[in-house]
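In the numbering used here, the protein residues as written are 11 to 242.
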């Protein structure tokens with residue numbers, strides 16, 4: 011690790027103690043905090059000279075609903091196919107059955123002063139994915155948070171204008187969630203007679219999409235007629 015990374019890790023642990031979990035992989039620092047500590051932690055990361063993270067480079071949400079499932083292994087035949095988003099719908103639950111780590115908000119921070127980056131991660135409850143907005147700390151978070159709300163349904167408390175950003179106002183659901191159906195919920199078109207946009211039931215037939223996969227047992231067997239190719 012570089013000296014800057016070593017120093018950042020030490021400063022994070024000294025400043026926040028047990029309130030933060032720090033991991034380093036490939037010389038990249040990832041820190042995890044609780045949602046309740048977002049405003050206090052982010053303010054310190056921006057203002058204190060040991061950190062000086064004046065720039066929020068990016069903010070995004072992640073849905074870990076199907077994380078770690080082995081269906082997508084393609085070195086051998088898959089028994090279930092690539093059916094997610096087609097027939098494996100997941101119902102959001104509350105109470106004891108809800109996942110406390112289904113969603114995460116990830117903040118990518120840059121300190122130009124200290125020439126170091128930090129990935130800050132906050133996990134959110136499945137039933138109520140809510141975290142404080144950081145627009146008051148980094149104004150550039152405005153549209154980032156709106157995008158995460160629109161696509162994942164993550165709520166940002168205190169955001170000055172939390173509206174959809176990419177989908178239309180009548181859109182049903184949040185399309186980047188892992189349980190959102192591939193065919194969508196409704197179709198939208200302009201009706202010339204009514205002179206307005208109308209919503210109709212989906213006419214697309216749901217089907218499992220199977221990508222082209224080159225398996226290990228085919229690597230040493232070129233297609234008939236191809237043979238070896240050489241540059242002219």
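We treat Cβ as the ideally placed atom computed from N, Cα and C, and that holds for glycine. Owing to the predicted nature of the structure, the values given are computational and were not obtained by experimental measurement.
Limits of the alpha helix (DSSP H) - the one that residue i falls within
i: residue 53; result: 48 to 57
i: residue 29; result: Run containing residue 29: none; DSSP gives neither H nor E here.
Proximity to residue i [Cα-Cα], best of the options
i: residue 40; options: 31, 47 and 46; result: 31
i: residue 184; options: 61, 166, 159 and 16; result: 159
i: residue 122; options: 168, 213, 198 and 59; result: 59
i: residue 27; options: 16, 15 and 51; result: 51
Residues bridged to residue i (per DSSP)
i: residue 166; result: 141
i: residue 35; result: 38
i: residue 212; result: DSSP lists no partner for residue 212.
i: residue 171; result: According to DSSP, residue 171 bridges with nothing at all.
i: residue 201; result: 206
Counted within 10 angstroms of its Cβ, other Cβ atoms place residue i as buried (16 or more) or exposed
i: residue 143; result: buried
i: residue 10; result: Lying outside 11 to 242, the shown extent of the chain, residue 10 is not represented and no answer is given.
i: residue 176; result: exposed
i: residue 201; result: exposed
i: residue 68; result: exposed
i: residue 7; result: It is not possible to answer for residue 7, since the shown part of the chain is limited to 11 through 242.
Helix, strand or coil at residue i [DSSP, three-state]
i: residue 176; result: coil
i: residue 156; result: helix
i: residue 17; result: helix
i: residue 45; result: helix
i: residue 22; result: helix
i: residue 89; result: Reliability fails at residue 89, whose pLDDT of 48 lies under 50, so the model's placement of it is uncertain and no value is given.
i: residue 106; result: Its pLDDT being 49, under 50, residue 106 is placed unreliably by the model, and nothing is read from it.
i: residue 192; result: coil
Endpoints, the beta strand (DSSP E) within which residue i is located
i: residue 121; result: 113 to 121
i: residue 71; result: 65 to 73
i: residue 217; result: Here residue 217 belongs to no beta strand (DSSP E), and DSSP marks it neither H nor E.
i: residue 129; result: 126 to 134
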